[in-house]
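Counting from 1, one number per residue, gives the positions in the sequence shown under UniProt numbering. Don't be surprised by glycine CBs; every beta carbon is placed ideally from N, CA and C. Since this is a predicted model, take the numbers as computed values, not measurements. The next block holds one structure in the form of structure tokens; read it before the comments.
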Amino acid sequence: YGMVYLGKDTAGENIAESLVAEGLACRREGIRANNPEQSRLAELEEQAKTAKKGMWSEGTGSHTLRDLKYTIENPRHFVDSMHQKPVNAIIEHVRDGSVVRALLLPDYYLVTVMLSGIKCPTFKREADGTETPEPFAAEAKFFTESRLLQRDVQIVLESCHNQNVLGTILHPNGNITELLLKEGFARCVDWSMAVYTRGAEKLRAAERYAKEHKLRIWRDYVAPTANLDQKEKQFQAKVVQVLNADAIVVKLSSGDYKTIHLSSIRPPRLEGEGPQDKNRKLRPLYDIPYMFEAREFLRRKLIGKKVSVTVDYIRPASGATDTVPAFSERTCATVTIGGINIAEALVSKGLATVIRYRQDDDQRSSHYDELLAAEARAVKNGKGLHSKKEVPIHRVADISGDTQKAKQFLPFLQRAGRSEAVVEYVFSGSRLKLYLPKETCLITFLLAGIECPRGARNLPGLVQEGEPFSEEAMLFTKELVLQREVEVEVESMDKAGNFIGWLHIEGVNLSVALVEQALSKVHFTAERSSYYKPLTVAEASAKQKKEKVWSQYEEPPVEDVVPLAEEKERTADYKPVFVTEVTDGLHFYVQDVEMGTQLEKLMESMRGEIAACPPVEGAYTPRRGDFCIAKFVDGEWYRARVEKMESLAKVHVFYIDYGNKETLPSTRLAALPQA
Numbered sequence: 001y002g003m004v005y006l007g008k009d010t011a012g013e014n015i016a017e018s019l020v021a022e023g024l025a026c027r028r029e030g031i032r033a034n035n036p037e038q039s040r041l042a043e044l045e046e047q048a049k050t051a052k053k054g055m056w057s058e059g060t061g062s063h064t065l066r067d068l069k070y071t072i073e074n075p076r077h078f079v080d081s082m083h084q085k086p087v088n089a090i091i092e093h094v095r096d097g098s099v100v101r102a103l104l105l106p107d108y109y110l111v112t113v114m115l116s117g118i119k120c121p122t123f124k125r126e127a128d129g130t131e132t133p134e135p136f137a138a139e140a141k142f143f144t145e146s147r148l149l150q151r152d153v154q155i156v157l158e159s160c161h162n163q164n165v166l167g168t169i170l171h172p173n174g175n176i177t178e179l180l181l182k183e184g185f186a187r188c189v190d191w192s193m194a195v196y197t198r199g200a201e202k203l204r205a206a207e208r209y210a211k212e213h214k215l216r217i218w219r220d221y222v223a224p225t226a227n228l229d230q231k232e233k234q235f236q237a238k239v240v241q242v243l244n245a246d247a248i249v250v251k252l253s254s255g256d257y258k259t260i261h262l263s264s265i266r267p268p269r270l271e272g273e274g275p276q277d278k279n280r281k282l283r284p285l286y287d288i289p290y291m292f293e294a295r296e297f298l299r300r301k302l303i304g305k306k307v308s309v310t311v312d313y314i315r316p317a318s319g320a321t322d323t324v325p326a327f328s329e330r331t332c333a334t335v336t337i338g339g340i341n342i343a344e345a346l347v348s349k350g351l352a353t354v355i356r357y358r359q360d361d362d363q364r365s366s367h368y369d370e371l372l373a374a375e376a377r378a379v380k381n382g383k384g385l386h387s388k389k390e391v392p393i394h395r396v397a398d399i400s401g402d403t404q405k406a407k408q409f410l411p412f413l414q415r416a417g418r419s420e421a422v423v424e425y426v427f428s429g430s431r432l433k434l435y436l437p438k439e440t441c442l443i444t445f446l447l448a449g450i451e452c453p454r455g456a457r458n459l460p461g462l463v464q465e466g467e468p469f470s471e472e473a474m475l476f477t478k479e480l481v482l483q484r485e486v487e488v489e490v491e492s493m494d495k496a497g498n499f500i501g502w503l504h505i506e507g508v509n510l511s512v513a514l515v516e517q518a519l520s521k522v523h524f525t526a527e528r529s530s531y532y533k534p535l536t537v538a539e540a541s542a543k544q545k546k547e548k549v550w551s552q553y554e555e556p557p558v559e560d561v562v563p564l565a566e567e568k569e570r571t572a573d574y575k576p577v578f579v580t581e582v583t584d585g586l587h588f589y590v591q592d593v594e595m596g597t598q599l600e601k602l603m604e605s606m607r608g609e610i611a612a613c614p615p616v617e618g619a620y621t622p623r624r625g626d627f628c629i630a631k632f633v634d635g636e637w638y639r640a641r642v643e644k645m646e647s648l649a650k651v652h653v654f655y656i657d658y659g660n661k662e663t664l665p666s667t668r669l670a671a672l673p674q675a
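Below, the structure is given as structure tokens:
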């Protein structure tokens, strides 16, 4: 037993006397009253009785009883009803550094509150009932007790997780959550960081301070090392391609290309192992729900735009396992455009999810908390992947290389004139794969009117090298049109089912652009096109520069033209001819009447040799392009040329002296006699 004084010495306020004076305590009976302390207490008690204070007041005192509420039926509804406004409270108990028991005023709810965003070392309960503290658990508990226990505070109730109330305790002297982190008594917790309303970046900064100074739980902390200088860590680049929904290809200021993966997000993926057609190849862009929407969001936002890239971490290459494929080294970064974090925008629309890490894994986005908050909003609003609606289905027909389907589509595309399309892939400078939104199909498209250098090709057993400047032509086409919205005019189709036509982007004809850049030559088929004139003008300009495909070009020598003294009037020189054959294509074959006797003598001489030395049936093996003799239906032999070989029973021949054609078996053919 003793006396408690408020202050530094006995001159301060006596707590026992104050309690008795307010009628909140009575003097202990049976104690000798001859000492001055007891006499003073007796005097104060009489004064309280006279003034009817506290326990000496009239009535039963029922109005002073508090109806404590120990349980809450619906914690989530209770938290939501507070609307994240500060609630007056008294801290009644501290379980560990980050969990307290608080009495909420004025309704006297007794609730257990876990501090949002952090976790302190705890006390593990053993099987025998004893508690074993984790390192620094007791120190963290004392740190919180000494500052909050039985203090008047304000609590912001922020969320409810598994019936546990999450909140932030506010005290006039500061925020206990931030103090625990800064002193190294706690670590940030991702799952509850998203609900913290006082700025998650402050908590990360406090934790970072403790790590850097190796305080308490961070005494053995070793910071990850990144071998990147400032230029490699932060840079601006132009986006040239979007890879599915979590990666982009950018062009650096040096002209190099680099693949960047968006930090800490995961693109849409197939859930479960549903029934799949074994003969049908999976097309992730169209078959995985929301993958197409995610890719389109990034494509429309980023393609051709300059972005700011901040490298967060580099994920090293990993080998393949039974369940996970091998991955090459990945550069993971935060990409922003106009101050907007693209990954955060993607997550907020429900088109990607946030990767969950081990608590000690620091390789994550520098804006990880914003990503978690964005995901929480997307879940709450039922956006994209978190929607309860039916997933969108994209039925896209790939008619690339399918001749029959291509023939069916050709008339529609020809009549449509200019059609909208998106360039999905660039095979070479003049060969592309297009997605036609209106027709919901994929086609292979060849640029008309030009002859572009052929790229390298993989052939059975070898790799055929590309022609000079084929790589430059492909890069030019990629940078200009890849994943851009374009307009196409389909003119025709080749025998492999590839469509041929003209492609326009923002008023630029790609065929003309390639010719202007000396990366293609004008093809003779362009002569009947309305674009022939701009093509020839572009080619003439490129020839003068003598660059790329025209680097070896030499102007043809100009011949001196001797002027004629007087141009004579053209006169017709008619000759008598004998028509031997008329074809369906308005062609006909004739023999010069004056040369007729020579042909007759030649035929008599040839047939004489054949009669003297008859050909052996089947001895001659015809080959395409060979000159031979063929036995006509009249039983006579005539000179002919082999045009086509279907089989030994079907050989197509052309009678060179008469112009008619016939299909014969090889047994009616023989080698041409020597002249």
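DSSP three-state assignment for residue i, whether helix, strand or coil
i           : result
Pro316      : coil
His504      : strand
Pro275      : Legend: pLDDT at Pro275 = 48, less than 50; position of this residue unreliable, no value from coordinates given.
Tyr589      : strand
residue 687 : The requested residue 687 does not occur in the structure, where the chain is confined to residues 1 to 675.
His523      : coil
Tyr638      : strand
Lys407      : helix
Ala397      : strand
Ser419      : strand
Arg187      : strand
Phe235      : strand
Arg457      : strand
Span separating the alpha-carbon of residue i from that of residue j
i      : j      : result
Tyr257 : Lys251 : 5 Å
Thr477 : Lys644 : 40 Å
Ala102 : Gly23  : 27 Å
Ser551 : Glu465 : 20 Å
Gly449 : Val311 : 44 Å
Glu344 : Ser192 : 18 Å
Lys495 : Ala518 : 28 Å
Gln84  : His77  : 12 Å
Val633 : Glu600 : 19 Å
Leu371 : Lys202 : 16 Å
Ala376 : Lys301 : 23 Å
Glu37  : Gly54  : 21 Å
Val549 : Cys452 : 9 Å
Ile91  : Arg151 : 6 Å
Met474 : Asn381 : 44 Å
Enclosing alpha helix (DSSP H) for residue i [first to last residue]
i           : result
Ala194      : Counting along the chain, Ala194 falls outside any alpha helix (DSSP H), and DSSP gives it neither H nor E.
Pro133      : Note, Pro133: premise wrong, no alpha helix (DSSP H); beta strand (DSSP E) at Glu131 to Pro133.
Thr536      : Tyr532 to Lys545
Leu41       : Pro36 to Ala51
Phe445      : Counting along the chain, Phe445 falls outside any alpha helix (DSSP H), though it belongs to the beta strand (DSSP E) covering Cys441 to Leu447.
residue 677 : There is simply no residue 677 to check, as the chain begins at 1 and stops at 675 in what is shown.
Arg204      : Ala200 to Glu212
Ile176      : Ile176 to Lys182
Val249      : Not the alpha helix (DSSP H): Val249 falls in the beta strand (DSSP E), residues Ala247 to Lys251.
Residues of its chain near residue i, where Cβ-Cβ distance is below 7 Å and the 5 sequence neighbours each way are ignored
i           : result
Glu485      : Glu420 and Val422
Val590      : Val577, Phe578, Val579 and Thr580
Tyr209      : Lys182
Arg125      : Glu131
Asn660      : Glu581
residue 676 : Only positions 1 to 675 of the chain appear in the structure, and residue 676 is not among them; the question remains open.
Lys546      : Tyr553
Cutoff 8 Å; reference residue i; Cβ partners in own chain excluding five residues on either side
i      : result
Arg456 : The sequence shown places Ala at residue 456, not Arg. Only Val463, Gln464, Glu465, Gly466 and Ser470 meet the Cβ criterion.
Pro106 : Asn88
Lys305 : Lys238, Val239 and Ile337
Ser366 : Ser263, Thr310, Asp312 and Thr334
Own chain, CB closer than 6 Å to residue i, minus 5 neighbours either side, in chain order
i           : result
Glu539      : Val515 and Val522
Lys211      : Trp218 and Tyr221
Phe499      : Ile443, Phe445, Val490 and Met493
residue 719 : Residue numbering for the chain in the displayed model covers 1 to 675; residue 719 lies beyond these limits and cannot be assessed.
Ala670      : Pro615, Tyr620 and Ile629
Ile248      : Val239, Val242 and Ile260
Residue range of the unbroken beta strand (DSSP E) whose run includes residue i
i      : result
Met493 : Glu485 to Met493
Tyr655 : Lys650 to Tyr655
Task: Whole beta strand (DSSP E) elements within the region 283 to 358, 3-residue minimum - done: 306 to 315 and 330 to 337
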